[in-house]
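Novice: All letters in the sequence shown, in the order written, are residues 365 to 771 by our numbering.
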Amino acid sequence: MTIHSESLALSLASISPAMLALIGGALAVLFVLVIVLLLRGASLRREQAEEASFRAEENEARMAELLKIQAEMQGRIAAMTEVFGARQSELNQTISQRLDGMSQRVSSTITEQTKSTHENLQRLQERLAVIDAAQNNIQTLAKDVVGLQAILSNKQTRGAFGQSRMETIVADGLPMGAYAFQQTLSNGSRPDCTIRMPNDAPPLVIDAKFPLEAWNAIRDAGSPEAGKIAGQQFRRDMEVHIRDISEKYLIQGETQDTAFLFVPSESIFAEIHEHFEPVVQKAHRARIVIVSPSLLMLSIQVIQAVLKDQRMRAQAHLIQGEVAILMDDLSRLDERVRKLQGHFAMAQKDIDMVVTSADKLTRRGAKIEALEFEAGGDAKPARDSEAAAKSVESRTGLLKLRVVDEE
Numbered sequence: 365m366t367i368h369s370e371s372l373a374l375s376l377a378s379i380s381p382a383m384l385a386l387i388g389g390a391l392a393v394l395f396v397l398v399i400v401l402l403l404r405g406a407s408l409r410r411e412q413a414e415e416a417s418f419r420a421e422e423n424e425a426r427m428a429e430l431l432k433i434q435a436e437m438q439g440r441i442a443a444m445t446e447v448f449g450a451r452q453s454e455l456n457q458t459i460s461q462r463l464d465g466m467s468q469r470v471s472s473t474i475t476e477q478t479k480s481t482h483e484n485l486q487r488l489q490e491r492l493a494v495i496d497a498a499q500n501n502i503q504t505l506a507k508d509v510v511g512l513q514a515i516l517s518n519k520q521t522r523g524a525f526g527q528s529r530m531e532t533i534v535a536d537g538l539p540m541g542a543y544a545f546q547q548t549l550s551n552g553s554r555p556d557c558t559i560r561m562p563n564d565a566p567p568l569v570i571d572a573k574f575p576l577e578a579w580n581a582i583r584d585a586g587s588p589e590a591g592k593i594a595g596q597q598f599r600r601d602m603e604v605h606i607r608d609i610s611e612k613y614l615i616q617g618e619t620q621d622t623a624f625l626f627v628p629s630e631s632i633f634a635e636i637h638e639h640f641e642p643v644v645q646k647a648h649r650a651r652i653v654i655v656s657p658s659l660l661m662l663s664i665q666v667i668q669a670v671l672k673d674q675r676m677r678a679q680a681h682l683i684q685g686e687v688a689i690l691m692d693d694l695s696r697l698d699e700r701v702r703k704l705q706g707h708f709a710m711a712q713k714d715i716d717m718v719v720t721s722a723d724k725l726t727r728r729g730a731k732i733e734a735l736e737f738e739a740g741g742d743a744k745p746a747r748d749s750e751a752a753a754k755s756v757e758s759r760t761g762l763l764k765l766r767v768v769d770e771e
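1) Put THR558 into one of helix, strand or coil per three-state DSSP.
2) Starting from ALA581, trace the alpha helix (DSSP H) both ways and give me its first and last residue.
3) For the segment 529–538 and the segment 579–593, state whether three or more C-beta atom pairs, one from each stretch, are separated by less than 8 Å.
4) Which first and last residues belong to the beta strand (DSSP E) in which ALA590 is found?
5) Decide if ALA623 is buried, meaning its Cβ has at least 16 other Cβ atoms within 10 Å, or exposed.
6) Assign ASP556 to buried or exposed, taking buried as 16 or more other Cβ atoms, counted over all protein chains shown, within 10 Å of its Cβ.
7) Could you tell me which residues DSSP puts in a beta bridge with ALA623?
8) Quick check: the segment 628–646 against the segment 499–507, are at least 3 beta-carbon pairs closer than 8 Å?
9) Output yes or no for whether 8 Å exceeds the beta carbon distance between THR568 and ILE559.
10) My guess is that VAL655 and SER663 are in contact by the Cβ rule of under 8 Å, so how many angstroms apart are they, rounded?
11) If you draw a straight line from the alpha carbon of ALA640 to that of GLY685, how long is it in whole angstroms?
12) Indicate the three-state DSSP secondary structure (helix, strand or coil) for PHE640 in the structure shown.
13) Write down the C-beta distance between GLN620 and MET561 rounded to the nearest angstrom, noting that I regard them as a contact closer than 8 Å.
14) Of the residues ARG600, GLY617 and LEU660, which one's Cα is nearest the Cα of ASP571?
15) One question on the structure: do PRO566 and GLY617 come within less than 8 Å of each other, judged by their Cβ atoms?
16) From the DSSP output, in three-state form, read off ALA442 for me.
17) If distances are taken between C-alpha atoms only, which option among GLN665, THR475, ILE615 and VAL604 comes closest to VAL643?
18) Does the Cβ-Cβ distance between ILE606 and ILE652 come in under 8 Å?
19) Can you tell me whether SER472 sits near the ligand MG, meaning its C-beta is under 7 Å from at least one heavy atom of the ligand?
The structure is reproduced here in structure tokens:
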């Protein structure tokens with residue numbers, strides 16, 4: 365330490381006075397600067413402290429405001445919580461009510477739908493039952509159609525089918541004894557049916573053998589050429605059949621000069637008249653009338669009316685006798701009614717005369733009653749007049765009752 369101080373003293377002694385003055389001035393300036401810096405630091409610290417206190421006060425004010433806002437927010441949140449709770453309870457109640465209503469509606473709808481579904485299923489079952497029955501009928505009809513096709517495919521069975529239909533129509537429309545089936549004529553031929561005509565006229569012949577093979581060939585033709593050929597064949601078969609009927613069944617004096625050719629189908633009858641007019645004209649010239657089931661039925665009804673008129677004419681004398689007896693009965697009835705009318709007229713005249721007499725007696729009694737007699741002597745006549753009037757009224761009433769009884 366002493367060594368250093370000695371070295372410092374020696375160094376200071378070696379420095380010049382001017383240098384020392386400069387150093388002293390520099391130190392003084394440095395000291396002043398330090399003091400200025402210390403003062404500025406103190407002022408800065410005061411400003412910072414003031415600013416910090418201002419900021420603290422401002423922060424406290426903001427904190428108080430924030431606490432106030434927080435309190436308000438908490439109050440509002442509490443109010444909103446209460447409102448939301450009330451609204452939620454109302455909403456829950458409304459939702460529960462609507463759910464109950466919806467559940468009721470859904471249950472009622474489901475019940476109605478179940479009922480409707482049950483009814484629809486029941487109707488469907490009924491429809492299915494009807495469809496099953498219709499299907500069974502269709503199957504039966506298909507079997508019948510197959511059987512009919514088998515019948516129509518055979519010539520003999522087809523002729524029997526047409527004849528059976530013709531026989532059914534004739535038997536339904538005419539009485540027994542007015543027709544005959546398969547009756548042998550004088551030339552040995554046997555027509556399908558003969559109908560006895562009135563007034564001992566010759567019978568009417570009906571033929572039920574229709575050439576259906578050529579007609580089926582027309583229906584089965586696959587081309588116009590084949591159809592034309594089948595039509596020509598059908599025309600030839602019809603002409604041959606018409607000629608056979610004319611030669612076999614139209615016998616002078618034994619049968620009618622007109623015969624019927626029975627066609628067992630309305631559609632075939634219409635097709636013949638539409639597409640085979642020459643055949644129809646040739647049949648008319650040969651006095652052969654082509655008839656369908658409806659036309660045959662109409663002809664049978666006309667014949668039945670003619671036969672009925674004949675029977676009525678045959679019984680005309682009996683009808684006239686009955687009418688004469690009826691007229692005698694009517695004459696006697698008219699005579700008796702007139703006598704009864706005369707009796708009633710006489711009785712009415714007598715009744716009118718009796719009523720006139722009774723009126724006169726009543727008026728006379730009233731006049732007598734209106735007279736004034738003495739007090740002592742008017743009692744008995746008054747009583748007599750009253751008795752007379754009562755007797756007259758009673759007799760009049762008896763007469764009226766008697767007349768009513770007679771009527």
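Glycine residues also receive a C-beta, built at the ideal position from the N, C-alpha and C atoms.
Specialist: According to the data block:
1) Strand.
2) Start and end: 576–584.
3) Short answer: they don't touch.
4) Where ALA590 is concerned, there is no enclosing beta strand (DSSP E), although the alpha helix (DSSP H) it sits in stretches over 588–613.
5) Around the beta carbon of ALA623, 16 or more other beta carbons sit within 10 angstroms, so the residue counts as buried.
6) Counting C-beta atoms within 10 angstroms of its own C-beta, ASP556 has 16 or more neighbours from the protein chains shown and is therefore classed as buried.
7) DSSP lists VAL569 and ILE652 as partners of ALA623.
8) The segment 628–646 and the segment 499–507 do not touch, with fewer than three beta-carbon pairs separated by less than 8 Å.
9) One point to set straight first is that residue 568 is Leu, not Thr, in the sequence displayed. For the 8 Å CB-CB criterion, LEU568 and ILE559 form a contact.
10) In this structure VAL655 touches SER663 by the C-beta definition: roughly 7 Å separates them, less than 8 Å.
11) According to the sequence displayed, residue 640 carries Phe and not Ala. The C-alpha of PHE640 lies about 56 Å from the C-alpha of GLY685.
12) In this structure, PHE640 counts as coil in the three-state DSSP scheme.
13) Rounded, the Cβ-Cβ distance is 7 Å, consistent with contact.
14) In terms of CA proximity to ASP571, LEU660 leads the group ARG600, GLY617 and LEU660.
15) Against a cut-off of 8 Å, the Cβ pair of GLY617 and PRO566 comes out as a contact.
16) In this structure, DSSP gives ALA442 a helical state, which the three-state scheme calls helix.
17) Cα-wise, what sits closest to VAL643 is VAL604.
18) Yes, Cβ-Cβ distance for ILE606 and ILE652 is below 8 Å.
19) Inclusion of the ligand MG in the displayed structure is not the case, the ligand content being empty and no account of it being possible.
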